[in-house]
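Residue numbers (the working numbering): 2 to 275. Ideal Cβ positions, reconstructed from N, Cα and C, are used throughout, including at glycine. Structure first, commentary second.
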Ligand SMILES: [Zn+2]
Ligand SMILES: [Zn+2]
């Protein structure tokens with residue numbers, strides 16, 4: 002009979018799809034780890050995405066369930082960094098357990114450097130939750146900043162949300178992926194997303210569900226059309242609400258809109274010239 006420890010170990014992935022040192026052969030790869038808010042449904046996870054290109058692997062958002070999903074495909078030890086659009090729990094709650102994993106590695110001498118986390122400075126009380134025995138190096142970022150993270154450049158603009166939040170654009174020189182974070186439609190995001198190859202955008206509110214500081218699905222369709230994005234992937238679906246209805250409302254104005262599917266990889270390539 003196998004011991005409990007052996008059973009636990011057998012569930013631990015030792016063969017990852019993302020093997021160092023090179024992941025992305027495509028311009029940018031986006032993998033959806035979780036797509037739900039504000040809490041995960043059975044067998045689902047709150048928002049979290051892997052963005053990769055070449056040797057750069059960025060965990061973008063880390064909601065509830067993300068650390069488990071991450072380990073289905075990648076070793077957290079190989080993350081270049083984490084980026085959090087803001088510090089609401091549906092985007093960062095699993096950072097509170099990822100910090101333990103990193104700390105254990107440091108304690109066991111498997112790692113010297115902390116894992117770097119880029120996020121807004123505020124709310125301070127939420128940000129301070131990320132300070133744990135030196136496991137995470139928290140680097141505040143703000144709108145207008147640009148980061149060069151190996152093979153991927155990232156640019157931030159302000160979102161419109163009840164707490165400070167950032168939308169962001171990932172660029173490789175070959176393609177662009179814009180991610181909304183949580184926000185209402187706004188002109189900064191529209192400028193950032195203009196002609197982007199892909200827009201990954203929150204689609205929280207529908208004609209029957211509303212929440213402040215979020216997109217209404219029908220507005221999202223109009224917004225993506227106006228910004229002339231090459232591809233629209235909708236995410237941040239409200240748990241318990243009807244995703245099919247959300248997609249129908251988006252497609253009234255952007256018929257090719259895609260629904261973010263958990264565990265799916267999206268290869269972001271240059272949008273066709275129009
Ligand atoms: Zn939020
Ligand atoms: Zn959210």
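Any non-hydrogen atom of ligand 1 within 6 angstroms of residue 237 CB: The nearest non-hydrogen atom of ligand 1 is 6 angstroms or more from the C-beta of residue 237.
Unbroken alpha helix (DSSP H) run spanning residue 193, endpoints: Where residue 193 is concerned, the enclosing alpha helix (DSSP H) stretches over 188-194.
CA-to-CA distance, residue 139 to residue 265, given in whole angstroms: Taken atom to atom, the span from the alpha-carbon of residue 265 to that of residue 139 is near 29 angstroms.
In DSSP terms, what residue 261 is bridged to: Under DSSP, residue 261 forms no beta bridge with any residue.
Inter-residue Cα distance where the pair is residue 45 and residue 92: A direct Cα-to-Cα measurement between residue 45 and residue 92 gives close to 14 angstroms.
Three-way DSSP call (helix, strand, coil) for residue 315 in this model: Residue coverage of the chain in this structure runs from 2 to 275, which leaves residue 315 outside it and unanswerable.
Selected residue, minimal CA-CA separation from residue 49, among 36, 57 and 162: The shortest Cα separation from residue 49 among 36, 57 and 162 belongs to 36.
Contact check, residue 221 vs residue 202, beta carbons under 7 angstroms: Cβ distance < 7 angstroms, so residue 221 and residue 202 count as in contact.
Same chain, Cβ closer than 6 angstroms to residue 54, neighbours up to 5 away in sequence not counted: Closer than 6 angstroms at Cβ, skipping near neighbours: 25, 29, 152, 153 and 173.
Residue 125, buried or exposed, once every other Cβ within 10 Å from all chains shown has been counted against 16: So residue 125 ends up on the exposed side.
Chain-order list of residues whose beta-carbon lies under 7 angstroms from that of residue 260 (same chain, five-residue window excluded): 235, 244 and 248, listed in sequence order.
Nearest-angstrom Cα separation, counted from residue 230 out to residue 176: Rounded to whole angstroms, residue 176 to residue 230 spans 12 angstroms at the Cα level.
Same chain, Cβ closer than 7 angstroms to residue 81, neighbours up to 5 away in sequence not counted: Once the five neighbours on either side are set aside, the close Cβ partners of residue 81 are 57, 58, 59, 150 and 151.
Assigned secondary structure, residue 171 (DSSP; H/G/I helix, E/B strand, else coil): When secondary structure is reduced to three states using DSSP, residue 171 falls in the strand class.
For residue 179: DSSP bridge partner residues: Looking at the DSSP assignment, residue 179 forms a beta bridge with 170 and 200.
Any C-beta of chain D under 7 angstroms from that of residue 171: The chain inventory of the structure shown lacks chain D, comprising one protein chain alone.
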